[in-house]
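My numbering numbers the first residue of the sequence shown as 380 and each following residue consecutively.
All residues carry an ideal CB built from backbone N, CA and C; glycine is no exception.
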Amino acid sequence: MQLWRCALLLLLVLGVSPFRTPMRFRQLPKASQVRCFVRAKRREQRLPDAIVKAQSLVLQEAKRSPGQRSSRRLEGLWDDVRTWIEERSSTAASKETDFHLLSLFLYAFSDIPTARAAPVTEIVQMMDSRGHKFDAGNLHNLVVFHTTRGEPDDALAVFVKLRSQGIEPKPATLSAVLTSYVDERRRVVRWDDVQRFWRLFCFDPAPPNAAEDAVGADKKSTLYLDMLTVAIQALSFGSISMERFIHDFDELMTGYSHFFSSFPAALAQKLCKALEERAGANQNLESPVAPSP
């Protein structure tokens with residue numbers, strides 16, 4: 380009897396229970412069981428059918444031209460997706476999916492003039508609360524959203540805020556802010572604001588060199604063309620005097636000459652038309668008014 384107790388104590392010390400199968404003698408799970416376990420885990424991470432359908436519909440809307448998109452349809456889809464994102468648990472995989480969905484909605488809403496600000500505000504707040512880092516594409520879409528609605532000051536505020544976080548803007552984003560100060564309906568150009576933005580974020584006094592990459596050179600040349608176009612519009616609308624236009628246009632042409640040796644024909648035609656309009660306006664102002672009979 381004493382021997383039996385010693386044997387039981389030894390088994391307990393070694394971590395082997397006499398009442399169950401030792402680990403080394405247990406049967407490993409079969410391959411079919413492993414596959415079932417993996418499938419179950421994948422099903423847990425799979426998107427619901429309603430969200431997959433919503434994502435597909437948003438992608439279809441994003442592929443349409445801005446004039447063909449329906450802000451009402453997008454807002455209905457956003458209500459469904461927002462509720463689903465708020466209710467489900469947050470994991471690394473879900474965060475990546477959420478960021479893709481939120482960015483897609485932001486792009487779809489960005490250049491619809493009739494879109495309400497509430498959905499875009501909710502998207503931005505959700506991205507902030509879930510720790511998503513904005514990228515250059517998000518910055519561009521937010522800027523375009525405000526410029527499409529005729530809100531250049533809000534576009535500038537978003538631009539400055541996200542750029543301070545280390546996001547390098549695209550050339551198209553810089554161009555969008557520059558051209559947002561042009562109000563073609565009222566025929567007004569806020570030239571002082573254009574000049575301020577140009578000198579703070581676009582102007583580079585150093586001419587291009589051989590070591591500069593093609594992307595950087597193309598970015599500068601595109602911005603110079605946009606700036607020249609805005610300057611011609613400012614002259615045409617009467618937003619700047621002829622003397623200031625000559626001074627500012629000469630500075631722009633000096634920088635532009637580093638990239639191109641010729642002037643675009645379409646831009647030259649716009650310049651000639653603006654000069655003719657300005658000359659005609661000045662002539663009308665200087666001509667005496669005939670006395671009424």
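- Nearest C-alpha to Ala647 among His637, Leu604 and Asp627: Leu604.
- Taking Pro548 as reference, the option from Ala487, Phe580 and Gln439 with the minimal CA-CA separation is Phe580.
- Membership of Ile625 in the alpha helix (DSSP H) is indicated by the continuous run Met621 to Tyr635.
- In this structure, His519 sits near Thr552, with a CB-CB distance shorter than 7 Å.
- Using a 10 angstroms sphere on the CB of Asp583, the tally of other CB atoms stays under 16, which defines it as exposed.
- A residue is called buried once 16 or more other Cβ atoms fall within 10 Å of its Cβ, and Ser618 is buried on that count.
- With contact defined as three or more Cβ pairs closer than 8 Å, the region 560-575 and the region 507-525 are not in contact.
- A buried status is given to Gln612, since no fewer than 16 other beta-carbon atoms sit within 10 Å of its beta-carbon.
- Taking 7 Å as the cut-off, the Cβ atoms of Pro492 and Trp457 do not count as close.
- Taking Arg657 as reference, the option from Phe624, Ala645 and His479 with the minimal CA-CA separation is Phe624.
- Here the region 474-481 does not lie against the region 440-455, with fewer than 3 beta-carbon pairs under 8 Å apart.
- Positions of the alpha helix (DSSP H) runs, each at least 4 residues long and wholly inside the region 466-548, are given as 471-489, 496-508, 515-527 and 531-542 in order along the chain.
- Counting the other CB atoms within 10 Å of its CB gives Ala536 a total below 16, which places it among the exposed residues.
- Just measuring C-alpha positions, the residue of Phe638, Arg528 and Gln574 sitting nearest Val609 is Gln574.
- The C-alpha of Arg578 lies about 13 Å from the C-alpha of Val556.
- In terms of CA proximity to Leu654, Leu614 leads the group Phe642, Phe639 and Leu614.
- If you look at Ser554, you'll find it in the alpha helix (DSSP H) that goes Pro550 to Thr558.
- CA-CA distance, Ser489 to Thr527, rounds to 8 Å.
- Per DSSP, the unbroken alpha helix (DSSP H) holding Phe576 starts and ends at Trp570 to Phe576.
- Judged by beta-carbon spacing, Thr601 lies within the 7 Å limit of Pro550, meaning their Cβ atoms are closer than that value.
- Phe478 is positioned such that its CB atom lies closer than 7 Å to that of His511.
- As computed with DSSP, Val567 is found in a beta bridge with Asp562.
- For Val431, the closest C-alpha among the options Arg467, Val460 and Glu530 is that of Val460.
- Taking Lys442 as reference, the option from Trp463, Asp507 and Phe484 with the minimal CA-CA separation is Phe484.
- Cα atoms of Ala487 and Glu630: separation of roughly 38 Å, rounded to the nearest angstrom.
- DSSP, reduced to helix, strand and coil, places Ser449 outside both helices and strands of the structure shown, so it counts as coil.
- Burial check for Asp507: the Cβ neighbour count within 10 Å stays below 16, so the residue is exposed.
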